[in-house]
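Written out below as structure tokens is the structure these notes cover.
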Amino acid sequence: MKFLHTSDWHLGIALHGLSMQEEQEHFLDQLCRIAEEEAVDAVLIAGDIYDSSVASHAAIRLYHRTMDELCLRQKRPVFVIAGNHDGAVRLAAMQALVRPSGLYVSGTLENVLTPVLLGDAAVYQIPYFQLSNVRAVFPALAVEHIEQAMEAICDKIREHMDRNRINIVMAHTFAGGAVLSESDRSALVGGVSVVAGDVFRGFDYVALGHLHRPQNVGDRVRYSGSPIAYSFGEAGQQKSVTLFDSETGEISVRKIQPLHAMRVIKGSYAEVMNDGMCSSDYMKIAFTDRSAEREAMEKLKERYPNLLLVTGKAPQAGRETSLSPEAIEKLSPEKMLDCFLADIFGETADMKQKKQWLNALQKAEEGL
Numbered sequence: 048m049k050f051l052h053t054s055d056w057h058l059g060i061a062l063h064g065l066s067m068q069e070e071q072e073h074f075l076d077q078l079c080r081i082a083e084e085e086a087v088d089a090v091l092i093a094g095d096i097y098d099s100s101v102a103s104h105a106a107i108r109l110y111h112r113t114m115d116e117l118c119l120r121q122k123r124p125v126f127v128i129a130g131n132h133d134g135a136v137r138l139a140a141m142q143a144l145v146r147p148s149g150l151y152v153s154g155t156l157e158n159v160l161t162p163v164l165l166g167d168a169a170v171y172q173i174p175y176f177q178l179s180n181v182r183a184v185f186p187a188l189a190v191e192h193i194e195q196a197m198e199a200i201c202d203k204i205r206e207h208m209d210r211n212r213i214n215i216v217m218a219h220t221f222a223g224g225a226v227l228s229e230s231d232r233s234a235l236v237g238g239v240s241v242v243a244g245d246v247f248r249g250f251d252y253v254a255l256g257h258l259h260r261p262q263n264v265g266d267r268v269r270y271s272g273s274p275i276a277y278s279f280g281e282a283g284q285q286k287s288v289t290l291f292d293s294e295t296g297e298i299s300v301r302k303i304q305p306l307h308a309m310r311v312i313k314g315s316y317a318e319v320m321n322d323g324m325c326s327s328d329y330m331k332i333a334f335t336d337r338s339a340e341r342e343a344m345e346k347l348k349e350r351y352p353n354l355l356l357v358t359g360k361a362p363q364a365g366r367e368t369s370l371s372p373e374a375i376e377k378l379s380p381e382k383m384l385d386c387f388l389a390d391i392f393g394e395t396a397d398m399k400q401k402k403q404w405l406n407a408l409q410k411a412e413e414g415l
């Protein structure tokens with residue numbers, strides 16, 4: 048059997064005030080075409096379908112249009128799990144009614160030990176969860192952190208699974224050893240939700256979502272990555288969807304071509320203003336010799352209609368900012384705050400400020 052694995056669509060997201068709907072429509076058209084060309088037996092969507100727990104009407108329509116194409120026209124089963132950005136209850140509403148159409152949505156842990164059987168495969172769905180969710184469904188488990196909870200859930204699946212089948216697990220989590228991207232906001236917060244990659248041992252394929260960089264984190268344990276670049280730290284990163292062939296064990300990818308690429312141009316004010324280049328790509332301009340000014344952005348907009356960000360020297364004492372897109376990818380939230388305060392005010396954060404910063408990030412990720 049052949050499975051198409053994707054995740055982290057973030058339907059409804061806006062970058063620096065610009066809606067990404069057109070870009071997302073372009074991706075989803077490619078997704079449906081790839082599913083048909085590859086004659087896949089099922090599609091696995093490993094969470095963060097939406098960017099907000101209360102999705103916009105436009106985002107919901109785009110999701111429904113895609114499910115109609117895959118499930119009703121192409122007759123392909125689609126497996127969906129809720130991610131941390133999704134409103135799990137809303138996403139999984141009326142799941143009993145949509146299952147006969149081949150759409151299997153999991154928003155809670157109630158049925159985590161009951162797989163969906165498809166040919167010789169068994170698909171287990173582990174949506175994003177909090178410790179309170181695990182304790183409610185498995186009150187006998189004594190779990191104190193997310194890694195322990197994920198290990199316990201996977202142990203129970205291993206106890207129940209039929210080893211004569213192809214056992215596939217979907218999960219939305221942060222696996223240790225994975226490489227982060229700038230847009231992996233929630234995965235950066237605190238690091239408390241990291242789980243060891245070996246908790247998924249013994250499964251034939253693990254379709255992960257949550258991190259935006261496509262990568263393997265173990266034997267047949269893979270992040271498909273986001274299909275669209277959602278930060279300038281991902282400029283130049285090839286986006287894709289993953290294919291898993293259960294008969295051969297082969298993992299391959301199909302590239303996703305963006306409607307507009309994500310690009311960063313860096314140089315002096317004179318170099319940037321006088322190069323004469325024009326582009327409709329999503330652009331960030333980084334001046335190396337002066338601060339960013341509104342006048343410069345207005346001039347550049349004439350050549351770069353999708354210019355999203357202009358940066359330059361910090362206004363304080365002529366110092367340069369330390370947060371390049373490359374550097375941001377490697378920073379923890381605490382270090383990011385320190386760098387910002389150092390650039391603007393010449394000081395670092397105290398413990399109270401760091402706590403407030405982390406609490407604000409967590410609330411933003413939970414849609415509060």
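Residue numbers are given in my numbering: position 190 of the sequence shown equals residue 237, and the series is strictly consecutive. Positions of the beta carbon are idealized from the N, C-alpha and C atoms, including for glycine. Since the model is a prediction, treat every value here as computed from it, not as a measurement.
| task | Could you say which of Y171, E294, A225, L156 lies nearest to A196 if we only look at CA atoms? | result | L156
| field | Three-way DSSP call (helix, strand, coil) for L117 in this model | value | helix
| field | Contact set for L119: own chain, Cβ-Cβ below 7 Å, skip 5 residues either direction | value | S148
| query | So what's L290 in DSSP terms, helix, strand or just coil? | reply | strand
| task | State the CB to CB distance for the pair L405 and E85, rounded to an integer number of angstroms; the pair is presumed to be in contact (CB under 8 Å). | result | Actually they are not in contact, since the Cβ atoms of L405 and E85 sit about 42 Å apart, beyond 8 Å.
| Buried versus exposed, by CB contacts within 10 Å (16 or more), D98 | buried
| message | Just verifying my parser: in three-state terms, what is the DSSP assignment at E318? | response | helix
| message | Which residue wins for smallest C-alpha separation from N321, given the options F334, M309, H259? | response | F334
| task | Pull up the DSSP beta-bridge partners for A222, would you. | result | V242
| Pairwise C-alpha distance: V152 and I332 | 41 Å
| Once you ignore the five residues that flank S371 on each side, which residues in its own chain have a CB closer than 7 Å to its CB? | Model confidence at S371 stands at a pLDDT of 43, short of 50, so the residue's coordinates are unreliable; what they give is reported in the following sentence. Closer than 7 Å at Cβ, skipping near neighbours: no residue.
| task | Compute the beta-carbon to beta-carbon distance between V127 and I92, rounded to the nearest angstrom, for a pair I have assumed lies under 8 Å. | result | 5 Å
| When the distance is taken between beta carbons, is A339 closer than 8 Å to G309? | It should be noted that the sequence gives Met, not Gly, for residue 309. No, these two residues do not count as a Cβ contact at 8 Å.
| task | Please name the residue in H52, P261, H257, K382 whose C-alpha comes closest to that of Y175. | result | H257
| Assuming V101 contacts M114 under a Cβ cut-off of 8 Å, what Cβ separation, rounded to an integer in Å, is found between them? | The pair is not a contact, with the Cβ atoms about 19 Å apart (cut-off 8 Å).
| said: Check whether the segment 260 to 274 and the segment 239 to 246 touch, using three or more Cβ-Cβ pairs below 8 Å as the test. | reply: yes
| request: Give me the Cα-Cα distance between A169 and N214, rounded to the nearest whole angstrom. | output: 5 Å
| field | Where the alpha helix (DSSP H) through S103 begins and ends | value | No alpha helix (DSSP H) holds S103; DSSP gives it neither H nor E.
| request: Please name the residue in F221, N353, R269, N131 whose C-alpha comes closest to that of L51. | output: R269
| CB Q439 to CB L384, shorter than 8 Å? | Outside the displayed range of the chain (48 to 415) lies residue 439, so it cannot be described from this structure.
| query | Exposed or buried, what is V236 when buried is set at 16 or more other beta-carbons lying within 10 Å of its beta-carbon? | reply | Caution applies to V236, whose pLDDT of 48 falls short of 50 and renders its modelled position unreliable; the model cannot decide the point.
| If we count the other Cβ atoms within 10 Å of its Cβ and call it buried at 16 or more, is S315 buried or exposed? | exposed
| Coarse secondary structure for G249, derived from DSSP in three states | coil
| task | Only counting runs of 3 or more residues, tell me where the beta strand (DSSP E) segments fall wholly within the segment 302 to 350, in order along the chain. | result | 309 to 314, 329 to 334
| query | Assuming Y171 and I204 make a contact with CB atoms under 8 Å, what is their CB distance in whole Å? | reply | 5 Å
| In terms of DSSP beta bridges, what is K49 paired with? | D292
| said: Considering only DSSP beta bridges, list what R112 is partnered with. | reply: In the DSSP output, where bridge partners are listed per residue, R112 has none listed.
| Buried or exposed: where does I71 fall if 16 or more other Cβ atoms within 10 Å of its Cβ makes it buried? | First, the residue type needs correcting, since residue 71 is Gln and not Ile in the sequence shown. Label assigned to Q71: buried.
| Counted within 10 angstroms of its Cβ, other Cβ atoms place R260 as buried (16 or more) or exposed | buried
| message | Using 8 Å as the threshold, is the C-beta distance between L62 and Y277 below it? | response | yes
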